[in-house]
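Have a look at the structure below before the remarks.
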Amino acid sequence: MPVPATSPVAADVLTEVLDGRWAHIRREARLRMAALPSPATYDLSTEQHREQVFAELHELAESGYPRVGFPTSHGGGGDVGGSLTSFEMLGFGDLSLMVKAGVQWGLFGGAVEALGTERHLDRYLPEIIDLGLPGCFAMTETGHGSDVQHVRTTAIYDPSSREFVVNTPDVSARKDYIGNAARDGRIAVVFAQLDAGGAERGVHALLVPLRDDEGRPLPGITIEDCGRKAGLNGVDNGRIRFDQVRVPREALLNRYGDVAEDGTYASPIESDSRRFFTMLGTLIRGRISVAGAAGSATKSALTIAVRYALVRRQFRNPDGGGEVALLDYRAHQRKLLPALATSYALHFAQAELVATLHDGDIDDRGQRELESRAAGIKAAATWHATRTIQTCREACGGAGYLAENRLPQLKADTDVFTTFEGDNTVLYQLVAKGLLTGYQQDLHELGSVGMARFIADQFVGTVIERTAARSLIERLVGAVTRDDDADLLDRGWHLRLFEDREKHVLDTLARRLRRAGEPGESAFEVFNAAQDHVLRAARVHVERIVLEAFVAAIDRCADPGAAALLGRVCDLHVLSSVESDLDWFLGHGRISTSRAKAVTGAVNDLCHHLRPHAGVLVEAFAIPDELIAAPIALGAERDRQDAQRVHNQAGLPRKEDSDSATAS
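Numbered according to full-length UniProt numbering, the sequence shown terminates at residue 664, and the numbering increases by one at each position without gaps.
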């Protein structure tokens, strides 16, 4: 299978494509962040790191960074997409600063904006935006992480004093791992089981002050420091307990549920479960933000590893020509280039997600689809980060193990991304649930057992929801007449293959779960036994929508050379994904044995074809050297540029081209 030739493309042309709709936000962020202290913080003590991050947080506040996304009515810019893009760019720097900013303006400030009413926005938003009021987002408990609906902190309304009494009944109900709590937070949005008028009303959020102006815990508040972590030690995570702490009735963030002075409860949403999921749905930005920041950290690691691989040489070529560059070895190409291709794919999927949220104007079904997509892309992006950063560390050998080269720090700082803002396994279960129930209004609140019982009683059709460039993708898929002899680089065949796999996996999962309705069967046991199938259904769905986003981005690209190069990057992303799932494709008769071998050969060919473009593909991320902050990458880039200048002066071919020819 010949891979079409691709002409050289300037990095800035690709940068323009990657920067997309919020290019101005990305340019401003690069300039702003390059002026901050180095993200290489491995030699700082915990307290030094926390002090530095808090000082940087104040610099961000003074720069106007947090204003972008808040409503214009309260001093913000009203640009939701711009805000999410700014946060994504923080992922190129010290990830502790990114998390700290996310807690203050994303989680804490976002909760006040999304769950509060005008009285809360008027009173608190100005101070939240300018960091005059550092806050916390107190949801997670020691005994309840992902299962937020059953947190055990209580908020009981006392009509005699017109106050809520917030209490931690036991140690498992303490708020745990709360960012900003151990050192800087003065107030918290606390999620608790609300009791009003003598009846339980489900989980609601209240504003509870934590410290006085001198930084001392208020009466009834006990705060403990979580201590040093594997990474992100610039973030002061803490544990909070409440001992009959009283807050005024107005502390309730009452957009979706309110309590009158006499204790009468009222809500625009009658169902407790639906109200709970509606409240959580308003906080979707957190998951989108984590996915974006994970993508940025992954790009940093790939930039370091690719730059190093372009100049680090090892073992002589027996045919002459001196020592061989690491990236000329096919095994090394296979380590880095498919991961780089997938990073491009996830970047475009993230951009599509941000744009969809920003544009709004979607119905209930569209909102649930958006929440599902955010959950799936967050899981995919953070798992990709974990795998890729480890691969980059290995690809740099002992140099990659040195703290000064940032890869160990990136590895440690991003490790928790797979479990915060939703454990990835749980998020994939939510994605599968949305697919199986067809996003039906009255099923959104069902748990695992309820979903299994529904499937046992009802027909569940498989509906493929297009998420990007619908007409283009349908045209490409429709143009494929025979799967078994389609060109391996045929984009329509790629789309059809992923779509067919998703339909099959969902159909078989639905049939498998129907057993829950048979006599003597336990709905929970049936669902529990199908967990592997559930997770696969979510994964293949996410892979399909990521591919669609990549295809749409290529279609938008106005530069023919850039579009051609991105096409080859997309090919590598697709075929390396197919190769990793060959067992399924072979086992289900979607690919023949000979075609499976051809897929592996095509991946090799694409790696060889993209090797001369590897440097440009990472430089297109446009990460300032101040943020790369890894000597092996900075020195490698200088060496590459010096060597290229020598070759240009001598009238020789480009160094990357000659290296590639030698390797082949």
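Glycine residues also receive a C-beta, built at the ideal position from the N, C-alpha and C atoms.
Going by DSSP, what residues sit across from residue i in a beta bridge?
{"i": "K597", "result": "Its beta-bridge partners do not exist; DSSP assigns none."}
{"i": "D258", "result": "A266"}
{"i": "I223", "result": "I240"}
{"i": "N167", "result": "T154"}
{"i": "F315", "result": "Per DSSP, none; premise fails for F315."}
{"i": "H204", "result": "A192"}
{"i": "G135", "result": "I187"}
{"i": "L252", "result": "L206"}
{"i": "P217", "result": "R211"}
Does the separation of the CB atoms of residue i and residue j fall below 7 Å?
{"i": "A385", "j": "A297", "result": "yes"}
{"i": "T140", "j": "T153", "result": "no"}
{"i": "A294", "j": "F108", "result": "no"}
{"i": "Y308", "j": "A379", "result": "no"}
{"i": "L133", "j": "R255", "result": "no"}
{"i": "A192", "j": "D130", "result": "no"}
{"i": "L582", "j": "A602", "result": "no"}
{"i": "F348", "j": "A23", "result": "no"}
{"i": "G374", "j": "R287", "result": "At residue 374 the sequence reads Ala, which differs from the Gly that was named. Contact flag set, yes."}
{"i": "F276", "j": "Q149", "result": "yes"}
{"i": "M98", "j": "A29", "result": "no"}
{"i": "D12", "j": "L232", "result": "no"}
{"i": "G635", "j": "L310", "result": "no"}
{"i": "R514", "j": "A530", "result": "no"}
{"i": "A395", "j": "K335", "result": "yes"}
Spatial neighbours of residue i within its chain, please: CB distance less than 8 Å, with the 5 preceding and 5 following residues excluded, ordered by chain position.
{"i": "A111", "result": "F137, V189, A205, L253 and L283"}
{"i": "E163", "result": "Y157, R246, V247, P248 and R249"}
{"i": "G263", "result": "Y157, P159, A196, G197 and G198"}
{"i": "R330", "result": "N604, C607, H608 and A663"}
Who are the near neighbours of residue i in its chain, counting only those whose CB is closer than 7 Å to its CB and skipping five residues on each side?
{"i": "G93", "result": "M33, L36, P39 and L627"}
{"i": "V259", "result": "Y157, A196, R249, L252 and Y265"}
{"i": "A633", "result": "T303, I304, R307 and Y308"}
How would you call residue i, buried or exposed, if buried means at least 16 neighbouring beta carbons within 10 angstroms?
{"i": "A199", "result": "exposed"}
{"i": "Y401", "result": "exposed"}
{"i": "T388", "result": "buried"}
{"i": "G587", "result": "exposed"}
{"i": "I187", "result": "buried"}
{"i": "L31", "result": "exposed"}
{"i": "Q409", "result": "buried"}
{"i": "V317", "result": "Looking at the sequence itself, residue 317 is Asn, so the reference to Val does not match. The residue in question, N317, is exposed, as its Cβ has fewer than 16 Cβ neighbours within 10 Å."}
Which residues in the same chain as residue i place their Cβ atom closer than 6 Å to its Cβ, once the five residues preceding and following it in sequence are excluded?
{"i": "G76", "result": "R67 and F70"}
{"i": "G20", "result": "A351"}
{"i": "A564", "result": "T6"}
{"i": "residue 733", "result": "Outside the displayed range of the chain (1 to 664) lies residue 733, so it cannot be described from this structure."}
{"i": "F172", "result": "Correcting the residue type first, residue 172 is Ser in the shown sequence and not Phe. Closer than 6 Å at Cβ, skipping near neighbours: T142 and G143."}
{"i": "W493", "result": "V480 and A486"}
{"i": "F585", "result": "I591"}
{"i": "L337", "result": "C607 and L610"}
{"i": "T117", "result": "N254 and R255"}
If you reduce the DSSP assignment to three classes, tell me which class residue i lands in.
{"i": "H358", "result": "helix"}
{"i": "T154", "result": "strand"}
{"i": "T142", "result": "coil"}
{"i": "P209", "result": "strand"}
{"i": "C607", "result": "helix"}
{"i": "E369", "result": "helix"}
{"i": "E113", "result": "helix"}
{"i": "E499", "result": "helix"}
{"i": "E518", "result": "coil"}
{"i": "V245", "result": "strand"}
{"i": "E543", "result": "helix"}
{"i": "V324", "result": "strand"}
{"i": "Y329", "result": "coil"}
{"i": "D176", "result": "strand"}
{"i": "A486", "result": "coil"}
{"i": "A293", "result": "helix"}
{"i": "A40", "result": "coil"}
{"i": "A199", "result": "strand"}
{"i": "V3", "result": "coil"}
{"i": "L400", "result": "It is worth fixing the name first, because residue 400 is Gly in this sequence and not Leu. Reduced to three states, the DSSP call for G400 is helix."}
Is any heavy atom of the ligand COA found at a distance shorter than 6 Å from the C-beta of residue i?
{"i": "G234", "result": "The model depicted lacks the ligand COA and carries no ligand whatsoever."}
So, is the C-beta of residue i closer than 7 Å to a C-beta in chain D?
{"i": "A251", "result": "Within the model displayed, chain D is absent; a lone protein chain is all it includes."}
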